[in-house]
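Start counting the sequence shown at 2; every next residue gets the next number (my numbering).
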Amino acid sequence: MRAGDAIQERPFEPGRAGRVAAAKGALPAEVVEAFHAGMFRTDDVVDAVADDFAAMAGGEGWRALDRALRERTAAVRGAPPSLEALLAPLMTPPDWYDAGQIARGAAIWWRFAPGVVIGMNGSLMSGMEFGDLNKPQAFNGRSVAMAARRYEETARWVLAVSEPGAAGPGGAGFDATVRVRLVHAMVRRHLRRSGTWDTVAWGEPIHASGMALTNLAFLLMPLAFYDLVGVEVTEEETEAVRRFWQWTGYLMGVPDDLLPTSMELAGLLSRTASMIFAPPDADSEVLVGALKRGGVRAERSLPRALWPLFGPILRPPVSAVVWGASHAVVKRSILDASPARDAHLAIRALRPLVRAREQRRKRGALGTDLQIADRQRRRLSGSLALVKAAPQVLRPQDAVHAG
């Protein structure tokens, strides 16, 4: 456990108690116990920064953060000690940090862009499908009213952190991840002060286990999709991808015992989540429905004057295709364990195309892993440019005011 991780006493909730007991009967008890504890565990290092910044006048705290990231130092004049406590362990990485392997893992992760999109969509949906984990989003009007913008902001973060080499100290992906971590702290602070948060039923707001599951989705879903459609990733390459997401989770504040330190543990943690989080509820339907109806601002590919007219016409069907297909693939092909899990039409259609592409890649016709990743990344950035997407990740200081 890192300094600053807060573990709260776990209140009893009958439904969750039964799910935890069932999980312990099927999975290693120590893994289930760590994940269950994580529901009442928060990132109080960054929470202290959010509290201190809120007490500072005129946005001085946010300017101090900007200076610290720009100057690549954890200690800057005028900043509260909490900022140094947050940044110092990130700017001086742990012994297991391997910059070369992490950069290589990011490139391999981008081997086939549809897999990345599935992972990105799946990571968002993983927080919506569970009836307790989805509550921070259910209470946040942006997740429904601004579903498309939230997706675009997530895509901007994915592009930043997964640029090979950019996740390390001094990189744009490093900076973006620190800011996203502060977004979570600001939302958590708001929810705790709202008077409506039910810790007994839902755990802490934006808790450690929820953060771990999001990180696991980014790791596991693209790799599972690659396996389904026939994109070859060797064990050694998989290990590089795992190292990339271990580091990204560390940057995001996931506790050490919930990080994917091995692919075996990643799988166990993912299975634990599926067993102990609450089943889908009405909020799940609302949140996923918002993505399926309005998750892609397709009208923004047209001249601005046409947006009001074509928004209601284009946005629902395009969103239904993009998010409906992603939802179906994630649920039927990756999350379900049925023998027919790979029978989804999208999987069958992609396989012959992927087979031919893989033959070219293995011959070297597609270039190096870095060159392939660059082209695949440009596909996503080009799609964002086409719809004039949100230009950057949501700023922490705007987290509870936007939308």
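Glycine included, every Cβ here is placed at the ideal spot set by N, Cα and C.
Computed from a predicted model, the values in this text were never measured in an experiment.
Residue span of the alpha helix (DSSP H) that contains residue i, given as start and end
i, result
"V388", "It is not in any alpha helix (DSSP H) - V388 carries neither H nor E in the DSSP assignment."
"E85", "P82 to M92"
"A58", "A58 -> no alpha helix (DSSP H), and no H or E assigned at all."
"E286", "A283 to G295"
"P304", "That residue, P304, is in no alpha helix (DSSP H); it is neither H nor E in DSSP."
"E359", "L346 to R364"
"G16", "P15 to A27"
Distance, residue j Cα to residue i Cα
i, j, result
"L90", "S195", "Position check: residue 90 holds Pro in this sequence, whereas Leu was assumed. For P90 and S195, the distance between alpha carbons rounds to 31 Å."
"F278", "V179", "27 Å"
"L270", "R20", "14 Å"
"P392", "W158", "10 Å"
"P261", "F140", "29 Å"
"M222", "E236", "16 Å"
"S163", "W308", "32 Å"
"A173", "G166", "9 Å"
"P397", "G365", "43 Å"
"A341", "P15", "Only weak support is given to the placement of A341: the predicted model assigns it a pLDDT of 48, under 50, and the question is left unresolved by the model."
"H37", "L220", "21 Å"
"V323", "T369", "29 Å"
"R376", "L367", "10 Å"
"A58", "P170", "28 Å"
"H191", "P29", "35 Å"
"R361", "V355", "10 Å"
"V230", "L351", "6 Å"
"I112", "A56", "The sequence given here places Arg at residue 112; Ile does not occur at that position. Distance between the alpha carbons of R112 and A56: 45 Å."
"A338", "A291", "Since pLDDT at A338 reaches only 45, below the 50 mark, its modelled position is unreliable, and the value read off the structure follows with that caveat. Each residue's Cα considered, the two are about 27 Å apart."
"F41", "A35", "10 Å"
Reference residue i; option with closest CA among the options
i, options, result
"S127", "L84, D96 and A218", "A218"
"D44", "A107, G166, M253 and A326", "M253"
"A326", "R380, W248 and G123", "G123"
"V201", "A55, I314 and D133", "D133"
"T239", "L303, L371 and Q102", "Q102"
"R378", "V117, L288 and F311", "V117"
"L70", "M92, D52 and F54", "M92"
"G295", "A38, K25, A18 and M147", "M147"
"T130", "R376, D282 and I348", "As written in the sequence, residue 130 is Glu, which differs from the Thr given in the question. Ranking R376, D282 and I348 by Cα distance to E130 puts D282 first."
"L1", "R298, H328 and E61", "A query on residue 1 cannot be resolved here, the shown segment of the chain reaching from 2 to 404 and no further."
"D48", "R193, M40 and L351", "R193"
"M276", "W246, P317 and S210", "S210"
"L125", "A104, R150, R105 and A114", "R150"
"A100", "L214, A168 and D176", "A168"
"M187", "G383, V50 and E31", "V50"
"R272", "H208, L214, S320 and L310", "L214"
"L224", "A274, W110 and I207", "W110"
"A107", "E154, L371, G62 and V388", "L371"
"R244", "Y227, L266 and L315", "L266"
"G204", "N135, L310, V32 and G383", "N135"
"E153", "A400, D399 and S382", "S382"
Closer than 7 Å: residue i CB and nearest the ligand NAP heavy atom
i, result
"A321", "The ligand NAP is not among the ligands present in this structure, which contains no ligands whatsoever."
Any chance you could list the alpha helix (DSSP H) runs of at least 4 consecutive residues sitting entirely within the stretch 192-267, in chain order? 200-203, 209-230 and 236-253
Could you give the uninterrupted runs of the alpha helix (DSSP H) lying entirely in the stretch 110-197, keeping only those of 4 residues or more? 114-130, 136-139, 143-146, 148-162 and 173-195
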